[in-house]
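There are 2 protein chains.
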Amino acid sequence: MQATGIVVEYNPFHNGHAFHLEKTKAITKAEIVIAVMSGQFLQRGEPALLPKWMRAKMALLAGVDIVVELPYQFATQKADTFAFGAVSLLGAMGCESICFGSESGEIEPFLTTLQFLEENKEEYDNQIRDYLDQGFNYPSALSHAFLSLHPNDAVVDLSKPNNILGFQYVKAVKELKLSMTAHTVARTSTDYHDQDFSSDTIASATSIRRALFSEDGTLEKVLPYIPETTALVLQDYLEHYQHFQQWENYWPFLKYRLIQATAGELSNIYEVEEGLENRVMRAALEASSFQEFMTKIKTKRYTWTRLQRMCVHILTNTTKKEMEARMDKASYIRLLGMNEKGRTYLNNWKKNASLPLVSKLSALDFDDVALDVRASRIYSLGATEQMAQNLLELEYKQPPIYIKEQKEIEALK
Amino acid sequence: MQATGIVVEYNPFHNGHAFHLEKTKAITKAEIVIAVMSGQFLQRGEPALLPKWMRAKMALLAGVDIVVELPYQFATQKADTFAFGAVSLLGAMGCESICFGSESGEIEPFLTTLQFLEENKEEYDNQIRDYLDQGFNYPSALSHAFLSLHPNDAVVDLSKPNNILGFQYVKAVKELKLSMTAHTVARTSTDYHDQDFSSDTIASATSIRRALFSEDGTLEKVLPYIPETTALVLQDYLEHYQHFQQWENYWPFLKYRLIQATAGELSNIYEVEEGLENRVMRAALEASSFQEFMTKIKTKRYTWTRLQRMCVHILTNTTKKEMEARMDKASYIRLLGMNEKGRTYLNNWKKNASLPLVSKLSALDFDDVALDVRASRIYSLGATEQMAQNLLELEYKQPPIYIKEQKEIEALK
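Going line by line, the protein sequences match chains G and S.
One point on numbering: in the UniProt record's numbering, the residue at position 165 of the first sequence is 165, and numbering is uninterrupted.
One point on numbering: in the UniProt record's numbering, the residue at position 246 of the second sequence is 246, and numbering is uninterrupted.
If you want it as structure tokens, here you go:
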């Protein structure tokens, strides 16, 4: 069976994702779609609305065949490391292609860009360093460095954030020497960062989350923008766990930790650089919400996203040493869920698998999954106290979600 | 002016304390009573019902002249270190006597006991070690070792917990070579550990706390057992901060920390000995309340109190290194409050003071008070979220409480 890979967060799965999924199947003609999905904490340094298990279920109900977890050390990272980890997993899963969203929907410019930057590598790297030295934040430095090379129209515009991830996927495929074809689907009109609803059926995940957390936020309000299957999972989650997760639910813990830790301990945490430990300790004493805290620590030097990711690492006590030891390659594949077709694929694939497939936590050397386990445990603490215990246990008791396609979906309704 | 010293926790100040205070004045004929009081965390390894500032106010309103804080490194310790720290502060404050509560109210047996144990020191120490090796907890080992020496009736019975602190005060006076006379007042009938009300006016602090935290707990219920001044302070605190503090308010933070920390980090914490780090990490995952957690980690080897103190140190991230560097002597005196007479005494005393008197946090090298400051910051997080910020700021903004005796007390009513 031919498999294609996609890289997702599904926070939550919405109509735009359904569109991407449908087009992916059409373009690649693959029989199997494998999604690598971030776990409890996401690339922008935020806790997911709801746990990976429920998000995996959304994906499966919407037609993804296999969902595996992007390990913490890749999921909570800037684009290059994030893409590297995701693509390496898709490679290990035997995907013959990868299909991502982009502005234009044309793959050629991505390949041209890759070649262009390889040819100008030295100059590009020098320029990046220069801009960083001038105090630009990392994405701005990348963007300025790119423009300083005077790229022509044949390349994708890497000063646009939406093109960066796609470029990194293509780059990772090459770096990892994978025989994987890259495809891209034109994104639907909505911008990733859009905060309001501007279409009747398509809205960004950001605007959906914003609506869910607004004062008059109900599921009702977002129904036009999500498939019925997502609505069912969200509804079920709310009935059991009372509220979706957001940073403010973890603020008491982050504040406690910042008050409790020594500067020395904090400086060992991944992404705590250049005396940021003193800045965050001071701000923690003064701030009474995560929002207020972030506003206090924000500088031109670092993006909001970069600082949020650092906060996730402080919250989970993830050190530079722990991350660096795990970033060079994925060492396991954690199966979150599959449908019947996915199971057949896995049974075949397992015979020649290059990485161990983890279905139950006890199956793997604990140290390898330590970061994912800790992240999951701490994520659970953001739920109401009693619910936290349920979530905590889920991490051990939950076997991979198994959906028998249509029959199961109908039963849910 | 002649000063006498008392060692207190006032959690909260009740009629038994008032009795002890009155008798202390009568027996010692001192013009000034100086109380050394535990800060936010107490000797039994618990957060205080309400902050040290409010407890100092209770003491002053009831007739104590000066209240100073027993630093964290002494306050959260077993009897000998607790007493050593307290007595060393009273010595530094110029107290000519110390007056403590005991079963009999006779001081002679304490002095005889001290001499008896000095004469049998080697045998006593050997016996203690033996009993510890046999798996007895520390207080039981002390008690058995004492009985094994076949003490006669002239000594106090050190197998009775209530006599141990008094003995340790007398011992500390001698060890510190202080010219301080020891006095003792017979305790009122109520046993320290009594959980129920058995008299019309005298109840243990334990039973008062229990009543305050019971389901139908109101201030009303404890009014017969506390002076009107205590009632006023408790009432005022409740109006501002909504609830009294207890371990369960800190349980989410302790659980988070135990889930987040590595075994290596925990083994550096004071009182985390002999693999207890693994035991507490496991129990944290399973327990959904502090009470349940404690029940899970309790063994014959350690007393409940000993384990609670360890939990305080984990909560406050206090390491063996930090404690051991500060336990050999007090290096400052933190003034929590005084009345007019107390102020006059301090003005005189300051001229020859052997330790710096800290009235404002900024006045002292930060590192010396680091443990008290961290304890106070973390203590504040147990209040409702908005109130926590008030409490946090109190630690910096609060000047010593100053009570102009009767006039002030009348104004409060």
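Glycine included, each C-beta is placed from N, C-alpha and C at the ideal position.
These numbers were taken from a predicted model, which means no experiment stands behind them.
Whole-angstrom C-beta distance between His-144/G and Tyr-131/G, which should lie under 8 Å: The count along the first sequence starts at 1 and reaches residue 131/G at position 131. The count along the first sequence starts at 1 and reaches residue 144/G at position 144. Confirmed, Cβ separation roughly 5 Å.
At 7 Å on the CB atoms, spell out the chain S contacts of Asn-317/G, in chain order. Along the first sequence, one-based indexing puts residue 317/G at 317. Correct list: Gln-260 and Ala-261.
Taking the beta carbon of Arg-282/G as the centre, do at least 16 other beta carbons fall within 10 Å, making it buried, or is it exposed? Sequence index remark: in the first sequence, residue 282/G carries index 282 (1-based). Answer is exposed; the Cβ neighbour count stays below 16.
If you check the beta carbons only, do Ser-331/G and Asp-372/G fall under 8 Å apart? Residue numbering aside, residue 331/G sits at position 331 when the first sequence is read from its first letter. Residue numbering aside, residue 372/G sits at position 372 when the first sequence is read from its first letter. No, they are not a contact pair.
Roughly how many angstroms lie between the CA atoms of Ile-32/G and Leu-258/G, to the nearest whole one? Taking the first residue of the first sequence as position 1, residue 32/G is located at position 32. Taking the first residue of the first sequence as position 1, residue 258/G is located at position 258. If you take the alpha carbons of Ile-32/G and Leu-258/G, they lie about 45 Å apart.
Whole angstroms is fine: what's the gap from Asn-249/G's alpha carbon to Arg-209/G's? Taking the first residue of the first sequence as position 1, residue 249/G is located at position 249. Taking the first residue of the first sequence as position 1, residue 209/G is located at position 209. In a straight line, the C-alpha of Asn-249/G is about 15 Å away from that of Arg-209/G.
Looking at the C-beta of residue 414/G, does it have a partner C-beta in chain S at a distance below 8 Å? Because chain G spans 1 through 413 in this model, residue 414/G falls outside it and cannot be assessed.
Three-way DSSP call (helix, strand, coil) for Pro-400/S in this model: Position 400 of the second sequence, counted from the start, is the residue given in the question as residue 400/S. Pro-400/S falls in the coil class under three-state DSSP.
Name the chain S residues that come within less than 9 Å of Tyr-241/G, Cβ to Cβ? Taking the first sequence and counting its residues from 1, one reaches residue 241/G at position 241. Within 9 Å Cβ-Cβ: nothing; Tyr-241/G doesn't reach chain S, min ~15 Å.
Would you please verify whether the beta carbon of Pro-252/G is less than 8 Å from any beta carbon of chain S? Position 252 of the first sequence, counted from the first residue, corresponds to residue 252/G. Judged by the 8 Å Cβ criterion, Pro-252/G is in contact with chain S.
Just the chain S side, please: which residues come within less than 8 Å of Ile-297/G by C-beta, in chain order? Here residue 297/G corresponds to residue number 297 of the first sequence, with the count starting at 1. Those within 8 Å of Ile-297/G in chain S number zero; the least Cβ separation is about 17 Å.
Gly-5/G in three-state terms, based on DSSP: Along the first sequence, one-based indexing puts residue 5/G at 5. Here Gly-5/G sits in strand by DSSP.
Does DSSP classify His-183/G as helix, strand or coil? Counted from its first residue, the first sequence places residue 183/G at position 183. In the structure shown, His-183/G falls within a strand segment according to DSSP collapsed to helix, strand and coil.
Please name the residue in Gln-398/G, Lys-221/G, Lys-78/G and Asn-137/G whose C-alpha comes closest to that of Gly-337/G. For the purposes of this step, residue 337/G is taken as residue 337 along the first sequence, with counting starting at 1. Nearest of Gln-398/G, Lys-221/G, Lys-78/G and Asn-137/G to Gly-337/G, Cα basis: Gln-398/G.
Which residues DSSP lists as bridging Ala-35/S, in chain order: Within the second sequence, residue 35/S is the residue found at index 35, counting from 1. Looking at the DSSP assignment, Ala-35/S forms a beta bridge with Ile-6/S and Val-67/S.
Any 3 or more C-beta pairs closer than 8 Å across the stretch 90 to 108 of chain S and the stretch 154 to 164 of chain S: Judged by Cβ distances under 8 Å, the stretch 90 to 108 of chain S makes contact with the stretch 154 to 164 of chain S, as three or more pairs qualify.
If we count the other Cβ atoms within 10 Å of its Cβ and call it buried at 16 or more, is Ala-154/S buried or exposed? On the second sequence, position 154 is the one that residue 154/S refers to. So Ala-154/S ends up on the exposed side.
Just checking, does the stretch 271 to 278 of chain G make contact with the stretch 266 to 278 of chain S on the three C-beta pairs under 8 Å criterion? No contact exists between the stretch 271 to 278 of chain G and the stretch 266 to 278 of chain S.
Does Gln-40/G have its Cβ less than 8 Å from a Cβ in chain S? On the first sequence, residue 40/G is found 40 positions in, with the first residue counted as 1. Chain S contact via Cβ: absent.
Could you work out which residues of chain G lie near Ile-378/S, taking near to mean beta carbons separated by less than 8 Å? As a working mapping, residue 378/S is identified with position 378 in the second sequence. Under the 8 Å cutoff, chain G gives Tyr-256, Ile-259 and Gln-260.
DSSP three-state label for Phe-136/S, please. For this step, residue 136/S is matched to residue 136 along the second sequence. Phe-136/S: coil per DSSP, three-state reduction.
Simplified DSSP state of Gln-339/S, which is helix, strand or coil: Counted from its first residue, the second sequence places residue 339/S at position 339. Here residue 339/S is Asn; the residue named in the question, Gln, does not match the sequence. Asn-339/S falls in the strand class under three-state DSSP.
Give a yes or no on contact between the stretch 240 to 247 of chain S and the stretch 219 to 228 of chain S, applying the rule of three or more CB pairs nearer than 8 Å. By the C-beta criterion, the stretch 240 to 247 of chain S is judged not to be in contact with the stretch 219 to 228 of chain S, since fewer than 3 inter-stretch pairs fall below 8 Å.
What's the call for Asn-126/G, buried or exposed, on a 16-neighbour Cβ count within 10 Å? Within the first sequence, the letter at position 126 stands for residue 126/G. When all chains shown are included, Asn-126/G counts as exposed.
Exposed unless 16 or more other CB atoms sit within 10 angstroms - verdict on Ser-179/S: Taking the first residue of the second sequence as 1, we reach residue 179/S at position 179. Exposed, by the Cβ-count rule.
Kindly indicate which residue of Glu-340/S, Thr-81/S and Lys-351/S has the alpha-carbon position closest to the one of Gly-94/S. The residue given as residue 94/S occupies position 94 in the second sequence. For the residues Glu-340/S, Thr-81/S and Lys-351/S, the minimum Cα distance to Gly-94/S belongs to Lys-351/S.
Using C-beta distances below 7 Å, list every residue in its chain close to Phe-253/G, excluding the 5 sequence neighbours before and after it, in chain order. Here residue 253/G is taken as the residue at index 253 of the first sequence, counted from 1. The answer, listed in chain order, is Leu-315 and Leu-381.
Do Ile-98/G and Tyr-10/G have their CB atoms nearer than 8 Å? The residue given as residue 98/G occupies position 98 in the first sequence. The residue given as residue 10/G occupies position 10 in the first sequence. No, Cβ-Cβ distance for Ile-98/G and Tyr-10/G is not below 8 Å.
Please list, in chain order, all residues of the same chain as Pro-400/S whose beta carbon is under 7 Å from its beta carbon, the five residues on each side excluded. The count along the second sequence starts at 1 and reaches residue 400/S at position 400. Excluding the 5 residues flanking it on each side, Pro-400/S has same chain C-beta neighbours closer than 7 Å at Leu-335, Leu-336, Gly-337, Met-338 and Ser-359, in chain order.
Please compile the residues from chain G whose C-beta is within a distance smaller than 8 Å of the C-beta of Glu-46/S. Working through the second sequence from its first residue, we reach residue 46/S at position 46. What Glu-46/S touches in chain G: nothing, since even the nearest Cβ is about 18 Å away.
Residues bridged to Val-358/G (per DSSP): By 1-based counting over the first sequence, the position of residue 358/G is 358. In DSSP, Val-358/G forms a bridge with Arg-334/G.
Can you list the residues of chain G that Leu-335/S reaches, using a CB-CB cut of under 8 Å? Along the second sequence, read from residue 1 onward, the residue named residue 335/S stands at position 335. Within chain G, no residue comes near Leu-335/S; the closest Cβ sits about 23 Å away, beyond 8 Å.
Cα-Cα separation, His-240/G to Pro-47/G: Along the first sequence, read from residue 1 onward, the residue named residue 240/G stands at position 240. Along the first sequence, read from residue 1 onward, the residue named residue 47/G stands at position 47. Approximately 18 Å, taken between the alpha carbons.
Got a sec: is the Cβ-Cβ distance from Leu-158/S to anything in chain G below 8 Å? Within the second sequence, the letter at position 158 stands for residue 158/S. Cβ-Cβ to chain G under 8 Å: no for Leu-158/S.
So, is the C-beta of Phe-389/S closer than 8 Å to a C-beta in chain G? Taking the second sequence and counting its residues from 1, one reaches residue 389/S at position 389. Here residue 389/S is Gln; the residue named in the question, Phe, does not match the sequence. Output row for Gln-389/S: interface = yes.
Take the Cβ of Asn-15/S as the centre, count every other Cβ of all protein chains shown within 10 Å, and call the residue buried at 16 or more, exposed below. For the purposes of this step, residue 15/S is taken as residue 15 along the second sequence, with counting starting at 1. So Asn-15/S counts as buried.
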